[in-house]
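One structure is given here, and the rest of the page talks about it.
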Amino acid sequence: MAGSCPHRSVLQNRPVASAPGESAAPVLFSRIVIVALGRETFAFTAFLGTLTALPPLSIDMGLPGFPAIEAAFPDAAGRSPLTLSLFMAGFAISPLIAGPIADRFGRRATLLDGLLIFSLAAGACALAPSFNVLLACRLLQGFAAGACAILPIAIVRDLFVHGAARQKLSQIAAVLGIAPMLAPMLGGWIMTFADWRAIYAAQAAVGVVLLVVGAIGLAESQPVENRRSLNPRRLAESYRFVLSDRAFVGYAMLYAFAFACMFAFISGAPSVLIGNLGLSTTAFALLFGLTSCGVLVASLISGQLSARHVSSRKIIAFGLVLMAASAIAALLLVPAGAMSVAALTPLMALTIFAFGILAPSTNHEALQNLPHVAGSAAGVMRCMQMVMGAFASAMVALLEPFGHPALVMTGLMTAMALIAGSIYLWVLPASKPGPEYS
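Going by my numbering, the first residue of the sequence shown is number 1032, and it counts up by one from there.
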């Protein structure tokens, strides 16, 4: 029976009829139809995983170049972190726009145009004549990276169902987990023989490679009959439909708060490990990379659990329990006077591991009822994730002057983990499949 097959058919770039009053897809690559990547191949998984890794690659690679940027531009002194802030701002906005575009014109054309913009913006960063121009280009680069990063989820939702979808998402997450480990080292290596501009040139090169691979090797995954109109009323209807699905809202909120738990650690770790516990910057970078391995390992384990037909809810529940337990244990280190690098590091690694366990299944379950608007739904979910990550980061910065940095960090982590667990217990059991969307 067709319903029992774990895969969906792939469309080979068939034309899409335009809605009344709309032009054919205003995209640059919609006519390229060379298809080489099979959906079961490692190359396909690596391609999608690298797309999702564009944001951490674009963020973490640039960190070693901050002092050089401030030295290059007189008005950049103490302001180099704005290159991250503007990137994140563009990233947070783009899913809400790129999602509906992908639902209307297809995943492939939207992705290729996003990669083109990403490459051009990164190249412009490398050539920026002033700090303000660099910031503007980073905003555009973040917007394009956000558009590219949401589409792999929608593509997987188009092509796979049930355990096969969760397994593929786990494999993609494993590729994503490598980026935070490699990006800072790659940026530091570039700075040993070139200046900060070469970092952005390297990002542009990555974008061009992905653009070429996608142009010659990626088939359209979205069925023509699932294309949605792009007029404002239809967009509002799509978002209303997405947000009226209680299961989607529940899983998206759970994912956002779990991400905020992990991001509270990422934001607070430098102050705690370097400022309070005396770790050197080199040791911190190594330690941070090792803890980031938790996402990679957890994603692989999550994929194996899905392959063994373990339900999504059980996988998510395990991840939430582990996340809450590790965050609470870390919080208790502060009043116990037992805070140390040796005591804190394993607990933080467990927190990151827990997020890697629950993330693929949460992504899958959030989109389960929304095949016709998967692009819009993925955009909303990514936007919620980035908003909560920014909130956690801002709260760390806001509260640290008023309390012990370790207490602030672990307290926020505990709060975010417990809220995610509460959503699982009290919101998701009552969720039912949403209404049929046409």
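Here a beta-carbon is modelled for each residue, glycine too, at the ideal position from N, C-alpha and C.
Where T1393 is concerned, the enclosing alpha helix (DSSP H) starts and stops at V1372 to A1397.
For H1340, the closest alpha carbon among the candidates V1192, N1163, S1150 and G1080 is that of V1192. The straight-line gap separating the alpha-carbon atoms of L1364 and A1437 is approximately 9 Å.
The beta carbon of G1238 is closer than 7 Å to those of L1146, F1149, S1150 and A1153 in its chain, skipping five residues each way along the sequence.
A direct Cα-Cα distance of roughly 15 Å separates G1080 from G1248. The beta carbon of V1439 sits closer than 7 Å to those of G1299, V1427, L1430 and E1431, all from its chain and outside the five residues before and after it, given in chain order.
Excluding the 5 residues flanking it on each side, G1173 has same chain C-beta neighbours closer than 7 Å at L1117, F1118, M1119, A1120, G1121 and F1122, in chain order.
Straight across, the Cα-Cα distance linking A1355 with R1138 is about 36 Å. With contacts defined as CB atoms closer than 8 Å, A1291 and A1423 qualify as a contacting pair.
Contact annotation, A1129 with Y1286: C-beta distance approximately 18 Å; criterion of less than 8 Å not satisfied. When DSSP states are grouped into helix, strand and coil, F1104 belongs to the coil group. When the Cα atoms are used, L1318 and S1275 turn out to be separated by approximately 42 Å. In this structure, C1168 and C1156 form a Cβ contact; the two beta carbons are roughly 4 Å apart against a cut-off of 8 Å. The three-state secondary structure of F1315, taken from DSSP, is helix. Going by DSSP, N1163 is part of the alpha helix (DSSP H) stretching over F1162 to L1190.
In the displayed model, P1366 falls within coil according to three-state DSSP, outside both helix and strand. For I1230, the enclosing alpha helix (DSSP H) begins and ends at W1227 to G1248.
For A1159, there is no enclosing alpha helix (DSSP H), as DSSP marks it with neither H nor E. Across the structure, N1394 and M1284 are spaced so that their CA atoms are roughly 11 Å apart. About 7 Å separates the beta carbons of T1114 and L1166, which is inside the 8 Å limit, making them a contact pair. Secondary structure of D1134 (DSSP, three-state): helix.
Distance from L1401 to L1241 at the Cβ level is roughly 26 Å; contact not present, criterion being Cβ atoms closer than 8 Å. Counting along the chain, E1431 sits inside no alpha helix (DSSP H), nor does DSSP assign it H or E at all. Inter-segment contact for the stretch 1225-1237 and the stretch 1090-1100 is present: three or more beta-carbon pairs are separated by less than 8 Å. Straight through space, the alpha carbons of S1453 and A1446 are spaced by roughly 10 Å.
Sixteen is the threshold: since fewer than 16 other Cβ atoms of the shown chains lie within 10 Å of the Cβ of K1345, the residue is exposed.
A1380 counts as buried, since no fewer than 16 other beta carbons sit within 10 angstroms of its beta carbon. Contact annotation: the stretch 1103-1111 does not touch the stretch 1198-1211, with fewer than three C-beta pairs closer than 8 Å. Sorting L1085, M1212, A1338 and L1171 by C-alpha distance to the C-alpha of S1392 places A1338 at the top. Out of A1369, L1378 and I1388, the CA that lies nearest to the CA of S1342 is found in I1388.
Nearest Cα to N1262 within the set F1136, L1321, P1211 and T1376: F1136. The distance from the Cβ of V1372 to that of L1310 is about 6 Å, consistent with a contact at the 8 Å cut-off. Assigned with DSSP and collapsed to three states, S1342 falls in coil, not helix or strand.
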